[in-house]
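Below: one structure, written as C-alpha cells.
Number of protein chains: 4
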Amino acid sequence: MIDTTPSNASLRARVYWWLERPDNDAKGPRLLDIALIILIILNVTAVILETVDSLYFRWQQAFDIFEAISLTIFVIEYLARLWVAPENPHIKSRFKWATSPIAIIDLLAILPALLYLFIPIDLRILRTFRMLRLLKLTRYSPALGMLLAVFEEESGAFFAGFFILSLMLIFAASGAWLAEHEAQPDAFGSIPAAMWWAVATLTTVGYGDVTPITVAGKIFGAIITVVGIGMAALPAGIIASGLNEQIHRRRASLEREFRKALEDGEICDKEEEDIEALRKELGLSHTTAKHIREIVHSESQAKDQRCPHCGKSLIKCDDQ
Amino acid sequence: MIDTTPSNASLRARVYWWLERPDNDAKGPRLLDIALIILIILNVTAVILETVDSLYFRWQQAFDIFEAISLTIFVIEYLARLWVAPENPHIKSRFKWATSPIAIIDLLAILPALLYLFIPIDLRILRTFRMLRLLKLTRYSPALGMLLAVFEEESGAFFAGFFILSLMLIFAASGAWLAEHEAQPDAFGSIPAAMWWAVATLTTVGYGDVTPITVAGKIFGAIITVVGIGMAALPAGIIASGLNEQIHRRRASLEREFRKALEDGEICDKEEEDIEALRKELGLSHTTAKHIREIVHSESQAKDQRCPHCGKSLIKCDDQ
Amino acid sequence: MIDTTPSNASLRARVYWWLERPDNDAKGPRLLDIALIILIILNVTAVILETVDSLYFRWQQAFDIFEAISLTIFVIEYLARLWVAPENPHIKSRFKWATSPIAIIDLLAILPALLYLFIPIDLRILRTFRMLRLLKLTRYSPALGMLLAVFEEESGAFFAGFFILSLMLIFAASGAWLAEHEAQPDAFGSIPAAMWWAVATLTTVGYGDVTPITVAGKIFGAIITVVGIGMAALPAGIIASGLNEQIHRRRASLEREFRKALEDGEICDKEEEDIEALRKELGLSHTTAKHIREIVHSESQAKDQRCPHCGKSLIKCDDQ
Amino acid sequence: MIDTTPSNASLRARVYWWLERPDNDAKGPRLLDIALIILIILNVTAVILETVDSLYFRWQQAFDIFEAISLTIFVIEYLARLWVAPENPHIKSRFKWATSPIAIIDLLAILPALLYLFIPIDLRILRTFRMLRLLKLTRYSPALGMLLAVFEEESGAFFAGFFILSLMLIFAASGAWLAEHEAQPDAFGSIPAAMWWAVATLTTVGYGDVTPITVAGKIFGAIITVVGIGMAALPAGIIASGLNEQIHRRRASLEREFRKALEDGEICDKEEEDIEALRKELGLSHTTAKHIREIVHSESQAKDQRCPHCGKSLIKCDDQ
C-alpha cells in the first residue's frame with residue numbers, strides 16, 4: 199500500500215515481510231497487524247454475545263456468517279505463516295515453527311471450529327472454545343513477553359509458592375472438616391467438600407456461603423486465616439518481585455549497550471539504531487531509555503574529570 | 199499580606215506570583231493555596247451531604263449559595279491562571295497551558311456547573327459531577343506526582359497486567375457459564391452475566407451474592423481462584439514495584455547532585471540551595487536527603503583516606 | 199539479683215539502670231522487662247475476658263483486684279521513669295521525656311483507669327480503654343521500631359496512597375449512588391450510605407451485605423473494582439517497599455561499619471563490640487550480620503589481588 | 199539398576215548412596231526419590247478420599263491395606279535413614295540426624311499411625327494426622343528451602359508484622375464490641391466474639407455472616423478496614439520482599455564464584471563443576487546462571503579494553 203515490498207523478492211519473501219514484520223516500522227504490515235488484532239477482538243466479543251439468548255436467536259445467521267469469514271481468514275493466516283516460516287532466519291524449518299508455542303496457539307484458535315464442521319454436536323458449547331483465539335493477542339504484546347519470561351525465570355520459586363499454598367489448603371480443609379463435619383454435614387461433610395471453604399478463605403475471596411459455626415471451627419478458621427494470608431499472597435509476591443528483577447535486568451542490558459556505544463566518546467547513528475532495536479526487543483519504554491542515557495552520560499563525564507595519577511583523561515586518550 | 203510582591207512588576211506578573219508560587223517559600227501565595235485546598239474540600243463535602251435527603255431539603259438554599267460562591271471563585275481562578283500563563287517560563291503560550299492536564303482538570307471542575315446554569319435539568323444528578331473538583335487537589339501533592347510518573351513509566355507492564363487480568367476474567371466467566379448456566383440460569387445465564395461473579399472472585403472481593411453450586415462449577419471456581427489471585431494482584435504489584443524503582447531513581451538523582459557538589463570538598467550555600475530545590479522537585483523527604491548526604495560524605499572521606507602508596511589523596515590531585 | 203548494679207551509684211542511677219537497660223545484656227533488668235511484658239499481656243487478656251458476661255459476673259472481684267494491683271505497678275513505673283529521666287544522656291530533662299511518644303503511651307495506659315477512680319461512670323465501657331496498655335509493648339520490639347521508621351520515612355508516598363484511595367472511595371460511592379439509589383434506597387440512598395459498599399469493595403473485603411443489583415450498577419461496580427484493587431493495595435505496597443528499603447539501608451550502615459573496621463586488615467575486639475552494638479540498634483539478625491561480614495571479607499581479599507599499576511597491595515600499605 | 203553403586207563400598211554406604219543422593223545425577227536414587235514422592239502423594243490422596251463416606255465404606259479394606267503397606271515402607275525408610283546417618287559427612291551422629299527438622303517430620307509421618315496400632319480409638323479422626331506425611335515432600339524441593347530461609351532470615355520483621363496485626367485485631371474487635379454489642383448481642387456480645395468479625399475483615403476475607411449494622415459500627419468498621427488492610431498485608435509483603443532479597447543474595451554468591459573463576463581469564467572444567475554444584479545448592483535456575491555468566495564475562499572484557507594510557511591490560515598485570 200504505502201511501503202513497497204522489495205519488488206525483486208520472491209512471493210514467499212514478500213508474504214513473509216507482510217506477515218512477520220521483520221522490518222519494525224513498515225506501515226503496511228503494521229496496518230495488517232492492527233486489522234488482525236481487531237478481528238480477534240471482534241471474534242471474542244461475538245463468542246461472548248452468542249451466549250446471551252436474546253441476541254443469539256435474533257442474530258444467529260449474522261453470527262454464523264461472521265464465524266465463517268473469521269475462520270477462513272485465520273486458516274489462511276495459519277497456512278501462510280506455515281508457508282513462509284523458512285524465510286525467518288531464526289527458525290528456517292516449517293516443523294520448528296509449527297511446534298513453537300505461538301504456532302500451537304494459532305492452531306488451537308482454528309482447530310475446534312474446523313472439528314465442528316465435521317462433527318456438528320452441541321454447537322454453542324463447542325463454540326466457547328473459539329475463546330482460545332484471545333491467546334493470539336500474545337503475539338502483539340512485548341510487555342506480555344516480559345511477563346512470560348518472569349514465569350519461566352521464577353518457575354522454581356513459583357512452584358514452591360504453589361506447593362506451600364497446596365499444603366495450607368489441604369491442612370485448612372482437614373482442620374475445618376474435623377471441627378465442623380458434625381455441625382454442618384452438608385458443607386463440611388468431607389475434606390474435598392471443606393476444600394471449597396478453604397479456597398474461598400485462604401485466597402481471601404470469602405463468599406460467605408459456607409462459614410464455620412462451631413466455636414472450635416471459628417477459632418481454627420481465624421488462626422488459619424491469619425497465618426494463611428501471607429502464604430496465599432506468595433505467588434503474587436513472587437511474580438511482582440520477579441517482574442521487578444526482570445525489568446532491572448533488561449535495563450542493565452540496555453545500560454551495557456549504552457556504555458559500549460559511549461566508549462569512544464560519542465554515540466554514532468549506527469549505534470543509536472542498535473540501541474533502539476535492543477530497546478524494542480527488551481520491551482522497555484522511551485522514558486526508561488532516556489533515563490539510562492542520562493545516567494551513563496553523567497557517569498562518563500564524571501570519569502572524565504576524576505582522572506587520577508598522570509592528570510590525563512581516561513576516555514579521550516586517542517588524540518594524545 | 200506578609201510578603202510583598204516585587205512592586206515594580208506588572209499586575210500580570212504579580213498575579214502569577216500569587217497563583218503559581220514560583221517562589222516556593224513565600225508566605226502569601228502559600229496561604230492562598232491553603233485557602234483554595236479548603237474550598238475544594240468543602241465543595242466535595244457539600245456534594246456528598248447534598249445526597250442526604252434530610253440535609254438537602256433543610257439546607258437547600260445554603261447549599262445553593264455556597265455553590266454560587268464557589269463556582270464564581272473557581273471561574274475567576276481559571277481565568278486568572280489562563281491570563282498569567284505566559285509568565286511561566288516553561289509554558290509561555292496560553293493555548294499550551296489550556297491543553298495541559300492540570301488545566302483540563304480545572305476546566306472540568308467548573309464546566310458541568312456552568313452548563314447547568316443554561317440547561318437546568320435534574321439538578322442533583324448533574325451536581326454530582328462537581329465531584330470532579332476533587333481532582334484539583336492533584337496540583338498540591340508532590341508525592342502524587344511521583345505516583346503519576348510511575349503510571350506513565352510502567353504503562354507497558356501495567357497494560358500487560360490488565361491484559362492478563364482481562365484474559366483471566368473472560369476465561370473464568372466462560373468456564374463458570376459452561377458449568378453453571380443450567381443450574382443457575384439467572385446468575386450464570388450468559389458470559390456477560392457470569393462476568394459479575396468472575397470480577398468479584400478474581401479481585402478477591404467475593405460478595406457471595408452469586409456462587410457456583412454444582413460440583414463442576416465449584417471445582418472450576420476453586421482452580422481459577424487459586425491460579426487467578428496471582429494474576430489479579432499483578433497491577434498492584436507492578437505499581438508497588440514501579441514506585442520502589444521511581445524512589446530509587448529519584449534518590450540516585452539527588453545523590454549525583456550531592457556528589458557533584460562535594461567534588462570540590464565542600465558544599466557551598468549556592469549548592470545547598472540547588473540540592474534543596476531538587477529535593478522538593480523530586481518530592482523526597484528531609485530524612486531521605488539527610489541520609490543520602492551522610493552516605494556521600496562517608497564515601498568521599500573513605501576515598502580520601504584510602505589513597506594508597508604515594509600517600510597523596512586521590513581526589514585533590516590538582517595541586518600536584 | 200544476679201548482676202550487681204554499680205554500688206557506688208546514686209539511688210536514681212541504680213533505678214535508671216534497672217528500668218531503662220542502658221547495659222543491654224544485664225540479666226536483672228532483662229528479667230524486670232520480661233515481668234512487665236507479662237503483666238501487660240495479662241492486663242489485655244483481662245480486658246478481653248471481662249467483656250464475656252459469664253466470666254465477668256463470676257470473677258468480678260478477682261478482675262477488680264488484678265486491675266488495682268496492675269494500676270499501682272504501672273503508676274509506680276511511670277513515676278519512676280519520670281524520676282530517672284535526667285540520668286539518660288540523650289534526654290536529660292524530665293519534660294522532654296514526658297512529651298516523648300513512649301512516655302505519652304505510658305501515661306495513656308494509666309490515665310483512663312485513674313480518671314475512673316474519681317468519676318465512676320459506666321465501668322465496663324471505660325475499662326476498654328485499658329486496652330491502650332497494649333501499646334506499651336512497642337518499647338520492647340526493635341523490629342517494630344523499624345516499621346515505625348518506615349511509616350515516618352515513607353509518609354509522603356503513604357499520604358499520596360491514602361489520598362488516591364480516598365479519591366477512589368468518593369468516586370466509587372458517587373457512581374454507585376447514581377446507579378443504585380432508585381433501586382435500593384436503603385443501602386444506596388446517599389453517598390455516605392454508598393460509602394459502606396465502596397469501602398467493602400475497594401478493600402476487597404466484600405461482605406456481600408450490600409451489592410449492586412441494577413445492570414448499570416453491576417457494570418460500574420465491576421469496572422471500579424478492577425481499576426480500584428491496584429489503588430487500594432498501594433498503602434500496603436508502599437509499606438512493604440519501604441520496609442525493603444529500610445532493611446537495605448540498615449544493612450548498608452552495618453556494611454560501612456565492617457569496611458571501616460577492616461581497613462587496617464583485621465577486626466579487633468573493640469571493633470567487634472561496636473559492630474555488635476550497631477547490629478542490635480539497627481534490629482538486624484545475626485544471620486544478616488554474618489552474611490555482610492562474608493561479603494566485605496571476600497571483597498577486601500579481591501582488592502588485595504587486583505592491585506593495579508605498581509604491583510603493590512592497596513590495603514596493607516603500612517609495612518612498606 | 200542403571201548406575202552401579204561403588205561395589206567395594208559397605209552395605210551402609212550403599213544404602214546411604216541410594217537414600218540420600220549425595221551424587222546428584224545418579225539415575226537409580228533419583229528413581230527411588232520419585233517413587234517415594236508418588237507414594238506420599240497417594241497417601242495424602244487416600245486420607246482425603248477416606249473422609250468421603252460413600253468411598254470409605256465401599257473401599258474400606260483397600261484403604262486399610264494401602265495404609266498398612268505405606269506405613270511399612272515409611273517405617274523402613276525412617277529406620278534406614280537413621281542407620282545410614284553416620285555416612286553423611288555433615289551430620290555423622292545418629293542423634294544429630296534424629297533431632298534435625300527433616301527427621302522429626304519423618305517421625306511425625308509414621309508416629310500417629312503406629313500409635314493407632316496400639317490404641318485403636320476413633321479410627322478416621324486419628325487417620326487425619328497421616329496428613330502430616332505431606333510435609334515429607336519438603337525434602338525434595340530446593341526452592342522450598344529458599345522460602346524457609348526467608349522465614350528464618352526475616353523472622354524479626356515477620357514477628358513485628360504479626361505483632362502489629364494482633365494489635366489491630368484486638369483494637370478492631372474492641373471498637374466493634376463497643377459500637378455493636380447492644381444492637382447485635384449474639385455476634386458482638388464480647389470482644390472474643392467480635393474477634394471473628396475482626397479477623398474476617400482485616401484479612402479482607404469478608405464472609406459477611408457478621409457485619410456491623412449501627413451507623414457508629416459502620417463508620418468504625420470502614421475506618422479500621424481502610425487503615426487495617428495495609429497492616430494485614432504486612433506479613434505477605436515481608437515474605438515477598440525477603441524472598442527478593444534472598445534471591446539477590448544467592449545470585450550475588452554465584453556471581454562471586456564466577457568472578458573468582460574468571461580471574462585467571464578462563465573458566466576451567468573443575469571450576470564449571472564447582473559453579474554448577476553451587477547453583478544447585480542455591481536453588482537457582484539455569485537461566486539465572488547463564489545470565490550471571492554473561493554479565494561477568496562482559497564486565498571482564500570491558501575491564502580488559504578500558505586499560506588507558508600505558509596501553510597495558512589492567513588485569514593481566516603479572517607479566518610486566
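Chain order of the listed sequences is S, H, C and F. Just remember that the numbering used here sits 198 ahead of the position in the first sequence, which is counted from 1. Just remember that the numbering used here sits 198 ahead of the position in the second sequence, which is counted from 1. Just remember that the numbering used here sits 198 ahead of the position in the third sequence, which is counted from 1. Just remember that the numbering used here sits 198 ahead of the position in the fourth sequence, which is counted from 1. Note that CB positions come from ideal geometry on N, CA and C, so glycine has one too. It should be emphasised that the depicted structure is a prediction, and the values quoted were computed from it without experimental measurement.
Tell me whether Y405 (chain S) sits in a helix, a strand or coil according to DSSP, three-state version. Y405 (chain S): coil per DSSP, three-state reduction.
Apart from the five residues just before and just after D407 (chain S), which ones in its own chain have a Cβ nearer than 6 Å to its Cβ? Result list for D407 (chain S): empty, nothing under 6 Å.
Round the Cβ separation of A391 (chain S) and T412 (chain S) to the nearest angstrom and send it over; I've been treating them as touching at under 8 Å. That pair is no contact at about 16 Å.
Where are the alpha helix (DSSP H) runs, 4 residues long or more, that stay fully inside the segment 280 to 349 of chain C, in chain order? Here the runs fully enclosed are 292 to 296, 299 to 316 and 321 to 325.
Cβ-based contacts, 8 Å cut-off: residues of the segment 388 to 416 of chain S near chain H: Going along the segment 388 to 416 of chain S in chain order, one finds M393, W394, V397, A398, T401, T402, V403, G404, Y405, G406 and D407 with a Cβ nearer than 8 Å to chain H.
For chain F, check one thing: does any of its Cβ atoms lie closer than 9 Å to the Cβ of H495 (chain S)? no
Specify whether the segment 326 to 334 of chain S and the segment 280 to 289 of chain S touch according to this definition: at least 3 beta carbon pairs, one from each stretch, less than 8 Å apart. no
Between L367 (chain F) and chain D, is there a C-beta pair that is closer than 9 Å? Looking for chain D here will not work: the only protein chains present are S, H, C and F.
Do the segment 367 to 375 of chain H and the segment 369 to 376 of chain S make contact, defined as three or more Cβ pairs closer than 8 Å? no
What residue from H:R325, H:K468, H:G440 and H:T401 has the CA that sits closest to V348 (chain H)'s CA? Answer by Cα proximity: H:G440.
Quick one: any contact between the segment 263 to 274 of chain C and the segment 228 to 245 of chain C, if contact means 3 or more CB pairs under 8 Å? yes
So what does DSSP say about V213 (chain S), is it helix, strand or coil? helix
Chain-ordered chain S contacts of A307 (chain H) [CB-CB under 8 Å]: Here the premise fails: no neighbours, minimum Cβ distance about 29 Å.
If the criterion is Cβ atoms closer than 9 Å, does the pair A398 (chain H) and A374 (chain H) meet it? no
Do V424 (chain H) and T402 (chain C) have their CB atoms nearer than 9 Å? no
With a threshold of 9 Å between beta-carbons, can M344 (chain S) be considered close to chain H, or not? yes
Are the C-beta atoms of Q503 (chain H) and some chain F residue less than 9 Å apart? Low per-residue confidence applies at Q503 (chain H): pLDDT is 47, beneath 50, and the placement is therefore not dependable, though the value from the model is reported in the following sentence. No - not a single Cβ of chain F is within 9 Å of the one on Q503 (chain H).
Just checking, does the segment 460 to 473 of chain F make contact with the segment 457 to 466 of chain S on the three C-beta pairs under 8 Å criterion? no
Sequence-distant residues of the same chain with beta carbon closer than 8 Å to Y405 (chain F), five excluded per side: Within the same chain, Cβ atoms closer than 8 Å to the Cβ of Y405 (chain F) are found at A398, the five residues on either side in sequence being excluded.
Just reading off the alpha helix (DSSP H) that P185 (chain H) is part of, what are its end residues? The structure shown does not extend to residue 185 (chain H), since chain H is modelled only from 199 to 518, so the question has no answer here.
Could you tell me whether the Cβ atoms of L480 (chain F) and L460 (chain F) are closer together than 9 Å? no
Counting only beta-carbon atoms, is E265 (chain S) nearer than 9 Å to chain F? no
Which residue marks the beginning of the alpha helix (DSSP H) containing E380 (chain H), and which one marks its end? No alpha helix (DSSP H) holds E380 (chain H); DSSP gives it neither H nor E.
Supposed contact pair A438 (chain H) and I436 (chain C) - C-beta distance, whole angstroms, cut 8 Å: 7 Å
Nearest to L361 (chain H) (by Cα), restricted to the options H:K488, H:R477 and H:M429: According to the sequence displayed, residue 361 (chain H) carries Phe and not Leu. Cα-wise, what sits closest to F361 (chain H) is H:M429.
Just checking: is the beta-carbon of S372 (chain S) within a distance shorter than 9 Å of some beta-carbon in chain H? no
Local Cβ density within 10 Å of Y338 (chain C), reported as buried at 16 or more and exposed below that: exposed
Show which residues of chain F have a CB atom less than 8 Å away from the CB atom of I239 (chain S). None at all; the shortest Cβ gap to chain F is about 33 Å.
Leaving out five residues on either side along the sequence, give the residues of the same chain with a beta carbon under 8 Å from the beta carbon of Q444 (chain H). M344, A347, V348 and E351
Tell me the rounded alpha-carbon separation between L313 (chain F) and F293 (chain F). 22 Å
What did DSSP end up calling S252 (chain S) once you bin it into helix, strand or coil? helix
Secondary structure at G428 (chain H), three-state DSSP: helix, strand or coil? helix
Can you pull the chain H neighbours of R454 (chain C), defined as C-beta to C-beta under 7 Å? S496
Could you pull out every residue in the same chain whose Cβ sits closer than 7 Å to the Cβ of I422 (chain H), ignoring the five residues on either side in sequence? A370 and G373
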